[in-house]
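The sequence shown finishes on residue 333 if you use this note's numbering, and the numbering steps up by one all the way, no holes.
Working notes for the structure below.
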Amino acid sequence: MSRISYVNGRYIPHPEAAIHIEDRGYQFADGVYEICGVFEGRLFDESAHIDRLERSLGELRMSMPLGRCALSVVLREVVRRNRIRDGIVYIQMTRGTAPRNHLFPPAGTSMSVVVMAWRQDMEKMEENAANGVKVKTLPDIRWGRCDIKSTSLLPNVLAKQAASDAGAYEAWLVDENGFVTEGSSSNAWIVNKQGQLITRQLNEQILPGITRGVVLELAGNYGLDVTERAFSVKEAQDAQEAFMTAATAFVTPVIQIDDKLIGNGRPGSIALDLRKAYQKAARATA
Ligand code: PMP
């Protein structure tokens, strides 16, 4: 079955789906994106993802180029046409195509909208969760507005590649004071020896992960002691458990940070319980 993607109002065979070379996304990374999980053919937490998309656009002085209902129809249509049962739907919106100039394009320039979808390898994801993954720490060299889901991901790309080259699955980025901000494409969590669940507080240094929000709520419902604050690499390495969250990874246990095994070097029980709870919530409410 051939893949279909949406580009500026049209559903197009994926190999031919294209954007102009003077699109500002291509020229300047002048755009934002969203990634929403699909479970059993339905989108999970769609409205939270669209809220974040609208906010990211607003922070960059753009507004939604189509209404929320129209966008929702497009997302469903792309999922349907690609027969995605468990996977991802990806949205990208840019300031449009215009002669290359750092200044914003003339008023009335149409924004570009792309939607595509793909299957997730659930078996591989379950294997990662069952075995746990390794993380490599690297300096966080990103800009001052990491709360915006900008397509400008070069520091994240370099960090993820460096982690992979070192045999790790994810990079945990570290601020100038030695505190973990987040992963290259995920939020970072630990459970300390006192059983406190800790993840960094929201501000302009991290992306407000939608999965992070869901997991915070689930943890609260389970009566876990949750704290939103920064933690150092040393505190993470001394923790009883560590894990990462993202729409593409759910809750994935971390068993090693640089050369240090976390806890007994096996996925932690709190992480695995939260993963199960997340998957249950996703399947129930999608
Ligand atoms: N932080 C960064 C830098 C990310 O790229 C992502 C994934 N988009 C996340 C956190 C997790 O966000 P979410 O739970 O919404 O997928």
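Yeah, the Cβ is synthetic: ideal placement off N, Cα and C, and Gly gets one too.
Local conformation of L220 per DSSP, three classes = Looking at L220 - three-state DSSP - the assignment turns out to be strand.
ask   = Quick one: Cα of G125 to Cα of S52, how far?
value = It is worth fixing the name first, because residue 125 is Val in this sequence and not Gly. Approximately 7 angstroms, taken between the alpha carbons.
ask   = Taking C-alpha atoms, which residue in A318, T295, K183, I309 lies nearest to V85?
value = Nearest option by C-alpha distance: T295.
query = What residue from T246, R115, A210 has the CA that sits closest to R102's CA?
reply = Between R102 and the set T246, R115, A210, the nearest pair of CA atoms involves R115.
message = Any contact between the stretch 302-322 and the stretch 186-206? By contact I mean 3 or more CB pairs, one from each, below 8 angstroms.
response = No contact exists between the stretch 302-322 and the stretch 186-206.
query = Sorry if obvious, but does the Cβ on A318 come closer than 7 angstroms to a heavy atom of ligand 1?
reply = Not so, every heavy atom of ligand 1 lies at least 7 angstroms from the Cβ.
Beta-carbon proximity list for E106, same chain, < 6 angstroms, skipping 5 on both sides = Excluding residues up to 5 positions away in sequence, I195 lie with their Cβ nearer than 6 angstroms to the Cβ of E106 in the same chain.
message = For ligand 1, I want to know if E106 counts as a neighbour, meaning its beta carbon is within less than 7 angstroms of at least one of the ligand's heavy atoms.
response = False, no ligand heavy atom lies under 7 angstroms from that Cβ.
query = With burial defined as no fewer than 16 other Cβ atoms inside 10 Å of the residue's Cβ, what is the status of T144: buried or exposed?
reply = By the beta-carbon neighbour count (other beta carbons within 10 angstroms, threshold 16), T144 is buried.
message = Considering only heavy atoms of ligand 1, does any lie closer than 7 angstroms to the CB of S103?
response = The answer is no for S103.
ask   = Should I257 go down as buried or exposed, given a rule of 16 or more other Cβ atoms within 10 Å for buried?
value = By the neighbour-count rule (16 or more Cβ atoms within 10 Å), I257 is buried.
key: Proximity of Q284 and I304 at Cβ, strictly below 8 angstroms   = With respect to the 8 angstroms criterion, Q284 and I304 are classified as neighbours on the basis of their beta carbons.
request  = For chain D, find out if any of its Cβ atoms is closer than 8 angstroms to the Cβ of R89; answer yes or no.
outcome  = No chain D is present in this structure, which holds just one protein chain.
query = What are the boundary residues of the beta strand (DSSP E) that M163 is part of?
reply = 159-166 is the extent of the beta strand (DSSP E) around M163.
Unbroken alpha helix (DSSP H) run spanning R102, endpoints = First-last of the alpha helix (DSSP H) with R102: 93-106.
Continuous alpha helix (DSSP H) stretch holding E173: start and end = Where E173 is concerned, the enclosing alpha helix (DSSP H) stretches over 169-178.
key: beta-carbon N175 near ligand 1 non-hydrogen atom, thresh 7 angstroms   = No - ligand 1 has no heavy atom lying nearer than 7 angstroms to the Cβ of N175.
inquiry  = I'd like the span of the beta strand (DSSP E) that includes C83, first residue to last.
reply    = Secondary structure note for C83: its beta strand (DSSP E) is the uninterrupted segment 78-86.
task = Could you tell me whether any non-hydrogen atom of ligand 1 is closer than 7 angstroms to the CB of R192?
result = No.
ask   = Do S233 and ligand 1 come close, with the Cβ less than 7 angstroms from some heavy atom?
value = It does: the Cβ of S233 is within 7 angstroms (strictly closer) of some heavy atom of ligand 1.
request  = Quick one: measure Cβ to Cβ for V298 and L271, integer angstroms, because I've assumed they're closer than 8 angstroms.
outcome  = The distance from the Cβ of V298 to that of L271 is about 13 angstroms, inconsistent with a contact at the 8 angstroms cut-off.
request  = Using 10 angstroms around the beta-carbon of M140, count the other beta-carbons present and answer buried if the total reaches 16, otherwise exposed.
outcome  = Buried: at least 16 other Cβ atoms inside 10 Å.
request  = May I ask you to check if the CB of T156 is nearer than 7 angstroms to at least one heavy atom of ligand 1?
outcome  = T156 Cβ: outside cutoff for every heavy atom of ligand 1.
The alpha helix (DSSP H) enclosing Y325, as first and last residue numbers = Element bounds for Y325: 316-332.
query = Looking only at DSSP bridge pairs, what is S52 linked to?
reply = Answer by DSSP bridge pairing, in chain order: I59.
request  = Verify whether the separation of the beta carbon atoms of Q287 and V238 is less than 8 angstroms.
outcome  = Yes, the pair counts as a contact, with Cβ atoms nearer than the cut-off.
message = Output needed for A213: all residues of its chain with C-beta closer than 6 angstroms, excluding positions within five of it in sequence on either side, in chain order.
response = K183, listed in sequence order.
request  = Could you tell me which uninterrupted alpha helix (DSSP H) segments, each at least 4 residues in length, are contained entirely in the stretch 275-311, listed from first to last along the chain?
outcome  = Under the rule that a run must span 4 or more residues, the alpha helix (DSSP H) segments found entirely inside the stretch 275-311 read 280-284.
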